[in-house]
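A.B. asks: Below you will find the structure I want to go over with you.
Residue numbers (the numbering used here): 4 to 231.
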């Protein structure tokens, strides 16, 4: 729709607000008590709530969006539209349920069968994967989906293929350096999580090979997200 600046400004506002609230609530600044992880959680709740309220206001009152956003009769369900959304989204929803359930099950099995060191290494690998997945792959996949949807509405199938190919090219342009970095500097990435204490060194032989696997996995997963 060519209105990405509004969304970008709101998201950057959320980032700034999150930084300030984390600093104040985690470390106890400006007269607030230091609450640690509980403060980080509270900051996230405030930031997400504020962001959703701003998006709601923008959709309701901005002159460009208010003609398309229909909140005046939100209490009156439109079952036909709800059915169309469900029909369109249930395959992706099922995929997310299976994927997240599988991750949780694997975490339980790893911790139960292999011990604390294995589950800690798995958590480090999952966090690194999440950075590539959310920051790079999901962002590009969302842009490709939006642009391809607009082209599909115009019955421009040639443009859809161009958008898909461009998305794949951009995705690999960002993911290949990330994967190469993990291949070369995986021990250093583990140290970022654990520090250089002697006890932390015991996880290096376990976590470092997992990050090498993550380096290959993010490439395949980026392809899956964009094509899917």
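The beta carbon of each residue, even a glycine, is placed where N, CA and C say it ideally should be.
Alpha helix (DSSP H) containing residue 200: first to last residue?
C.D. replies: Here residue 200 corresponds to residue number 197 of the chain shown, with the count starting at 1. Unbroken run through residue 200: none, as it is neither H nor E.
A.B. asks: Take residue 164 as the anchor and find which of 211, 135, 229 has the nearest alpha-carbon.
C.D. replies: Sequence index remark: in the chain shown, residue 164 carries index 161 (1-based). The candidate whose alpha carbon is nearest that of residue 164 is 229.
A.B. asks: For residue 37, which residues from the same chain have a beta carbon less than 6 Å from its beta carbon, with the 5 sequence-adjacent residues on both sides left out?
C.D. replies: As a position in the chain shown, residue 37 is number 34, starting the count at 1. So the list reads 30, 31, once near-sequence residues are dropped.
A.B. asks: Would you call residue 134 buried or exposed, if buried means 16 or more other Cβ atoms sit within 10 Å of its Cβ?
C.D. replies: Looking up residue 134 in the chain shown gives position 131. The residue in question, residue 134, is exposed, as its Cβ has fewer than 16 Cβ neighbours within 10 Å.
A.B. asks: Could you compute how far the alpha carbon of residue 25 sits from the alpha carbon of residue 17?
C.D. replies: Along the chain shown, one-based indexing puts residue 25 at 22. Along the chain shown, one-based indexing puts residue 17 at 14. Going by the C-alpha atoms only, they are around 12 Å apart.
A.B. asks: What residue range does the alpha helix (DSSP H) around residue 223 cover?
C.D. replies: For the purposes of this step, residue 223 is taken as residue 220 along the chain shown, with counting starting at 1. Per DSSP, residue 223 belongs to the alpha helix (DSSP H) from 207–230.
A.B. asks: Please determine if the stretch 104–121 and the stretch 204–222 are in contact, where contact requires at least 3 C-beta pairs separated by less than 8 Å.
C.D. replies: With a cut-off of 8 Å, the stretch 204–222 and the stretch 104–121 count as touching, because enough Cβ pairs lie within range.
A.B. asks: Applying the 10 Å Cβ sphere with the 16-neighbour rule, what's the burial state of residue 151?
C.D. replies: For the purposes of this step, residue 151 is taken as residue 148 along the chain shown, with counting starting at 1. Buried: at least 16 other Cβ atoms inside 10 Å.
A.B. asks: Quick check: the stretch 130–144 against the stretch 213–222, are at least 3 beta-carbon pairs closer than 8 Å?
C.D. replies: The stretch 213–222 vs the stretch 130–144: in contact.
A.B. asks: Suppose you measure from the CA of residue 83 to the CA of residue 97; what does that come to, to the nearest Å?
C.D. replies: The residue labelled residue 83 in the question sits at position 80 within the chain shown. The residue labelled residue 97 in the question sits at position 94 within the chain shown. Their Cα atoms are separated by approximately 21 Å.
A.B. asks: Give every residue of the same chain whose Cβ lies closer than 7 Å to the Cβ of residue 9, excluding the five residues on either side of it in the sequence, and list them in chain order.
C.D. replies: Indexing the chain shown from 1 puts residue 9 at position 6. So the qualifying residues of the chain are 61.
A.B. asks: Tell me which residues share the same chain as residue 197 and place their Cβ nearer than 7 Å to its Cβ, disregarding the 5 neighbours each side in the sequence.
C.D. replies: Along the chain shown, read from residue 1 onward, the residue named residue 197 stands at position 194. 203, 206.
A.B. asks: How is residue 92 classed by DSSP in three states: helix, strand or coil?
C.D. replies: Here residue 92 corresponds to residue number 89 of the chain shown, with the count starting at 1. Correct three-state label for residue 92: helix.
A.B. asks: Run through DSSP, which three-state label would residue 80 get?
C.D. replies: Here residue 80 is taken as the residue at index 77 of the chain shown, counted from 1. Of the three classes helix, strand and coil, the one that applies to residue 80 here is coil, per DSSP.
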